[in-house]
Amino acid sequence: MSSADINRRQGRAGQVVKVVFIVVAVLAQLTPFYLGVTTALKPATDGSSLWLPPLSGVTFDNFSTAVSVGKLDWALQNTLLVTVASTALVCLVASFAAYPLARRNTTGNRLVILAVLGMLMVPPLSILVPLYSMLSSWGVLNTFGGLILVVTSTHLPLAIFLFTQFTRSLPVSLEEAAAIDGAGLLTTFFRIVLPSLRPVMATVVILTSTSVWNEYALSSYINSKTEMRMLAPAVASFFSAQGNNIGAAAGAALIGLAPILVVYLFLQKYFVKGALAGAEK
Amino acid sequence: MYVPALLLFGVFIVYPLVRGVGIAFTNWDGYTDNESFVGWANFRQLLTDSVFHTALRNTLVYGFGCTLLQQVIGLALAIALDGGGRAKSVARAVIYLPVLVSPVVMGMMYYFLVQYDRGALNDVVTGLGFDRVAWLSSSTGAVVIIVAVNTLQFVGTSMIIYLAGLQSIGTEINEAAEIDGARGWKLLRLVTIPLLKPAIVSSVIINLIGGLKLFDVIQVLTGGGPGYATQSVSTLIGRTYFGQQAAGYASAMGVALFVLIAAVSVVLIMRMERSGRTS
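Protein chains in written order, with numbering that gives the first Met the number 0: chain A, 0 to 280; chain B, 0 to 278.
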């Protein structure tokens, strides 16, 4: 039955309740963003309620303070580098791992898939002490290499799972034809399997890159030096250092938010698809 | 072909997990080479440490509290926003948006709402003629606010899962149920919710694991305070390791957190398998 059909039966009262509920939910979700914007655009001298727009003039000083004092320009560069590198590695390593897992349904492979899913349950903080001391003894704290490998590892399980599911749905006939033509395992993978993974690749790229972009729990400890910090830790430590300068703090928050918002506006349907793919574990 | 993946897991997840169990049986400070075996001492300390008990209780409140609220609100939103129309699709996009935003950023923006002196919520309170409220200064208040912020940030995940679930139910079943006289609450309770069971299970698992791991938003909004009142096990691990140089004890907390989440996940997954077989 169509939703219009349901609506008619529920009657006008039900309809009003529904509309009010939706409006309240939307306004509630927009409130923090609205407060972030009004706070960021007001000069420090404007002590008016945060509910009010900046009536005494708009300032962009808060953003420049956030960038220059909080070193958010460095953090943005670091985050971009770590996000691109980890996402690329996750896609490559995970699709590589998923191919045999999807194609050979042996007991061993089923155990590997279970182990991979088990990795999803490991909370990052539960391995903080040994991970930190291991990276420290290798001398790779505050390096990109160490952070990228850690972040890649924590994002692999979901990606392997999604690639495995998708590869299973692909017909094997093309791979068999390639084998008859004498193509080896790697040639078949790179020429035939990898290109046909494109739809699920989009999902994995979106899920992984957003999550890496926002990474905080582990990166705030293992890359804590100002020059090597990721965005979320940089924004958070600027916030705790500038507790009474809420305008600048809001500026930092919006700078952290902006890239995600822009990408979401353009790729909205991929995000929703990604969320669902991740839910069907 | 899965050797590179297994190598990464081995080095960066499995080895630290195993090594973490080893460290949990020592009195290591995390910096020097002084490390001696202390047996179960750290785990015995967990049983009597009131700070850890607060963190554990909060972790359960964050995990189960947020999960419960997210299912109720998420399902209500999915039912209200099911179907076509431009307005509904905009509403869905807005409600889902915070899921993608860093919890650090969400926490900061909510801080502007609940802070004491310039907080937007207190402007409403004083506007109504009451005194300002120090929302984050009371232990209960701060825990409630963290639950609320995390619930609102990730309610979009449940909503999306339930929307997909509603679409998979299809129209014939609803029509048949209506002919049999099921409407409103009755339809929801007897038809919709039972058919949504697979969606409910995956939504609960995702929200629960997320809530039990809660870290980012606590660090930003309260730093675990006032005192230790809003610490989760995750935030307490960081503080114990770096703040008190008690790496052995922090590692024991890490083991406890892993066991908690693994146990909850396994129980849920077993239930999911069972419901998958019967339906």
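Ideal placement from N, C-alpha and C gives every residue a C-beta, glycine not left out.
query, result
"Cross-chain neighbours of Pro122 (chain A) in chain B, by beta carbon under 7 Å", "Lys212, Ser233, Leu256, Phe257 and Ile260"
"Coarse secondary structure for Thr170 (chain B), derived from DSSP in three states", "helix"
"Contacting residues, own chain, Cβ-Cβ under 6 Å from Ser208 (chain A) (five flanking each side not counted)", "Thr82 and Thr86"
"Closer than 9 Å to chain A by CB, Ala77 (chain B)", "no"
"Same chain, Cβ closer than 8 Å to Leu96 (chain B), neighbours up to 5 away in sequence not counted", "Gly155"
"Residue-level contact to chain A via CB, Thr277 (chain B), 9 Å cutoff", "Because Thr277 (chain B) sits at a pLDDT of 48, beneath the cut-off of 50, its placement in the model cannot be relied upon, and the following sentence gives the value as read from the coordinates. Chain A contact via Cβ: absent."
"Neighbour list for Lys70 (chain A) in chain B, Cβ cutoff strictly below 8 Å", "Ordered by position in chain B, no residue passes the 8 Å Cβ test against Lys70 (chain A), which lies about 16 Å from the chain."
"Buried versus exposed call for Gln76 (chain A) [16 or more other C-beta atoms within 10 Å across all chains shown]", "exposed"
"Residue-level contact to chain A via CB, Phe11 (chain B), 9 Å cutoff", "yes"
"Proximal residues of chain A, C-beta to C-beta of Gln218 (chain B) below 7 Å", "Ala235"
"Spatially closest choice to Leu110 (chain A) from B:Ser233, B:Gly126, B:Tyr1 and B:Gly84, by CA coordinates", "B:Tyr1"
"Residue-level contact to chain B via CB, Ile245 (chain A), 9 Å cutoff", "yes"
"Beta bridge counterpart(s) of Thr25 (chain B) as assigned by DSSP", "B:Phe36"
"Pro52 (chain A) classed as buried or exposed, judged by whether at least 16 other C-beta atoms fall within 10 angstroms", "exposed"
"Contacts of Leu80 (chain A) in chain B (Cβ-Cβ under 7 Å)", "Going along chain B, no residue has its Cβ under 7 Å from Leu80 (chain A), so there is no contact; the nearest lies around 17 Å."
"Burial state of Glu174 (chain B), where buried means 16 or more other Cβ atoms lie within 10 Å", "exposed"
"DSSP-derived helix/strand/coil call for Lys224 (chain A)", "coil"
"Sub-9 Å separation of Lys272 (chain A) and Ala79 (chain B) beta-carbons", "no"
"Cβ pair Ser231 (chain B), Gln69 (chain B) closer than 9 Å", "no"
"Cross-chain neighbours of Leu173 (chain A) in chain B, by beta carbon under 8 Å", "Correct list: empty, because the minimum Cβ distance to chain B is about 18 Å."
"Interface flag, Trp73 (chain A) vs chain B, CB-CB below 9 Å", "no"
"DSSP-derived helix/strand/coil call for Glu214 (chain A)", "coil"
"Buried or exposed by the 16-neighbour rule on C-beta atoms within 10 Å, applied to Thr277 (chain B)", "Because the pLDDT of Thr277 (chain B) is 48, which lies under 50, any placement of that residue in the model is unreliable, and the number read from its coordinates should be weighed accordingly. Label assigned to Thr277 (chain B): exposed."
"Rounded separation between Asn243 (chain A) and Ser55 (chain A) - CA only", "20 Å"
"Chain B contacts from the segment 31 to 65 of chain A (Cβ-Cβ distance under 7 Å)", "Pro31, Phe32, Leu34, Gly35, Thr38, Ser48, Leu49 and Trp50"
"Beta carbon of Phe162 (chain A) nearer than 9 Å to that of Leu196 (chain A)", "yes"
"Beta-carbon contacts of Asp45 (chain A) that lie in its chain and below 7 Å, excluding the five residues immediately before and after", "Pro53 and Ser55"
"Cβ of Ile21 (chain A) within 9 Å of any chain B Cβ", "yes"
"Min CB distance Tyr220 (chain A) to chain B below 9 Å", "yes"
"Candidates A:Lys70, A:Gln241, A:Phe270 and A:Pro156: closest to Phe95 (chain A) by CA position", "A:Pro156"
"Proximity winner among A:Leu100, A:Val25 and A:Ala74, relative to Leu5 (chain B) (alpha-carbon distances)", "A:Leu100"
"Within-9 Å CB hit, Asn213 (chain A) to chain B", "yes"
"Beta-carbon proximity check, Glu226 (chain A) vs Asn141 (chain A), cutoff 9 Å", "yes"
"Of the residues A:Leu260, A:Tyr98, A:Pro122 and A:Gly138, the one placed nearest Pro194 (chain A), counting alpha carbons only", "A:Tyr98"
"Range of the contiguous alpha helix (DSSP H) that encloses Gly237 (chain B)", "Val232 to Gly237"
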